[in-house]
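Numbering of the sequence shown is given in UniProt numbering, commencing with residue 1 and proceeding in unit increments.
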Amino acid sequence: MFPRFLHPAVVDGFAFGPHPRAVQIFWFSLLLLAQAGLAFLLLTYFLANSTLPRMPPLYNVVTLSFIATLVYLILFYTGEYMSTDPPYAQCLVQAVLKHGIDPSFILSSFLLVFETWSGIRQGPIKPSHPRVRQLILLALPYLNGILFAIPAAVTKNHSWDSDFEIRSPEADILFSVQSTTHSCKPHRKHTVAFFRDWRKLRPNVVTYPVALLCLVRQRQAASQRMGVPCMLDLSQIFRITIFNAWILVSLVLNGGVAAGVDAVAGTAFATTFLAVVPLSVCIIFGVRKDILTFWSDTLLRRNRSKELDKGSAQKSGSRSSKSVAPKAGDKATTTEVETITLVASTV
1 MFPRFLHPAV VDGFAFGPHP RAVQIFWFSL LLLAQAGLAF LLLTYFLANS
51 TLPRMPPLYN VVTLSFIATL VYLILFYTGE YMSTDPPYAQ CLVQAVLKHG
101 IDPSFILSSF LLVFETWSGI RQGPIKPSHP RVRQLILLAL PYLNGILFAI
151 PAAVTKNHSW DSDFEIRSPE ADILFSVQST THSCKPHRKH TVAFFRDWRK
201 LRPNVVTYPV ALLCLVRQRQ AASQRMGVPC MLDLSQIFRI TIFNAWILVS
251 LVLNGGVAAG VDAVAGTAFA TTFLAVVPLS VCIIFGVRKD ILTFWSDTLL
301 RRNRSKELDK GSAQKSGSRS SKSVAPKAGD KATTTEVETI TLVASTV
């Protein structure tokens, strides 16, 4: 969850300033807004799977972003976010899930950038990938997360004195739990934006967008030489580039650049960025013309069907009233039938 900034002046409290609750509520508001937007985006993908197909890594990025908001809000849901000594079980669950989500999200992000680059390289021809490949792309990030989460849950369940990081004690941690009292003391050297000790992957984060932009430039130049229009989806390329920039910023924050200036201010900035990331994913991949068109068409069809049902009901009502109303020539017959019926009933 969000760290309580342990400061020598406020060891047992918060270093959020005079209004710690307002600061955390601001972060929670960003996460709740992102949670609602990501849920709506996932619903759109589910309902429009045939009309709005997306790459498998994009489904993973949106799904993992939604799950991340649930993990970040565990203490908010339980009402323990203002406690300096949260329950041990909640800290354990949150830390283990965080260890699994971080590498899963990063792997799905790299796969998304790679698939975009591969699609642009292939050109306007629609790729025909086997179904097994699609399933592997969908399942690989989750398997990667399980490989990180299970060791964190098993091995660290008996050694809470050490840092929660498994591979490197110098890596950023989410919680450090004191085994003497089994109380959870949130502590952080610098905030983890997406993952902990994968600093060697930073050059790849820069290499992929550079290669992507170079490939786009080559395609545009080739189209100009041949005198044909360029068929590249520049909107998709722009979104992937912005998304990749967010990952790069998260890696910089993970390296402790912001925290090296001032511990409290750096952690506050990094935590605010962490709260904004899921919302940025929702905006980057959710504000698309085809998604907006899908919902506008759906609402229009719904309104038209309601109007048609209402009109057909009115027409059927008018027809039934005409058929029930007796004609002028049938009045005598109706009176005779009523008279005979009355006489017979009285007898």
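The beta carbon of each residue, even a glycine, is placed where N, CA and C say it ideally should be.
- Counting the other Cβ atoms within 10 Å of the Cβ of VAL132 gives fewer than 16, which makes it exposed.
- Exclusion of the five residues before and after GLU80 leaves PRO86, PRO87, GLN90 as the residues of its chain whose Cβ lies within less than 8 Å of its Cβ.
- Under the 10 Å beta carbon count, TRP27 is surrounded by 16 or more other beta carbons and is classified as buried.
- Contact check for GLY100 against ILE146 passes: the beta carbons are separated by less than 8 Å.
- For GLY119, the enclosing alpha helix (DSSP H) stretches over residues 88-122.
- Taking all protein chains shown into account, LEU75 has 16 or more neighbouring C-beta atoms within 10 Å of its C-beta and is therefore buried.
- If you look at ALA48, you'll find it isn't in any alpha helix (DSSP H); DSSP assigns it neither H nor E.
- In its own chain, leaving out the 5 sequence neighbours on each side, no residue places its CB closer than 6 Å to the CB of PRO53.
- Closest in alpha carbon position to ALA149, among LEU58, GLN94, LEU300, is GLN94.
- When TYR72, THR63, ASN60, VAL62 are compared, the shortest CA-CA separation from ILE25 is found for TYR72.
- Around the CB of VAL210, fewer than 16 other CB atoms lie within 10 Å, so the residue is classed as exposed.
- With respect to VAL281, SER65 sits close: the two C-beta atoms are nearer than 8 Å.
- THR69 and TRP295 have their C-alpha atoms spaced approximately 25 Å apart.
- With respect to the 8 Å criterion, ILE240 and VAL61 are not classified as neighbours on the basis of their beta carbons.
- Exclusion of the five residues before and after LEU32 leaves THR69, LEU73 as the residues of its chain whose Cβ lies within less than 8 Å of its Cβ.
- Per the C-alpha coordinates, the member of THR116, SER250, CYS214, PRO56 positioned closest to PRO130 is PRO56.
- Of the residues VAL277, ILE247, LEU279, PRO151, the one whose Cα lies closest to the Cα of SER109 is ILE247.
- Across the set LEU58, CYS214, PRO278, ALA34, the C-alpha of CYS214 shows the shortest separation from the C-alpha of ARG121.
- By a beta-carbon distance limit of 8 Å, LEU279 contacts ALA34. Their separation comes to about 4 Å.
- Setting aside the 5 residues that flank it on each side, LEU138 is surrounded in the same chain by PRO56, each with a C-beta closer than 6 Å to its C-beta; the list follows chain order.
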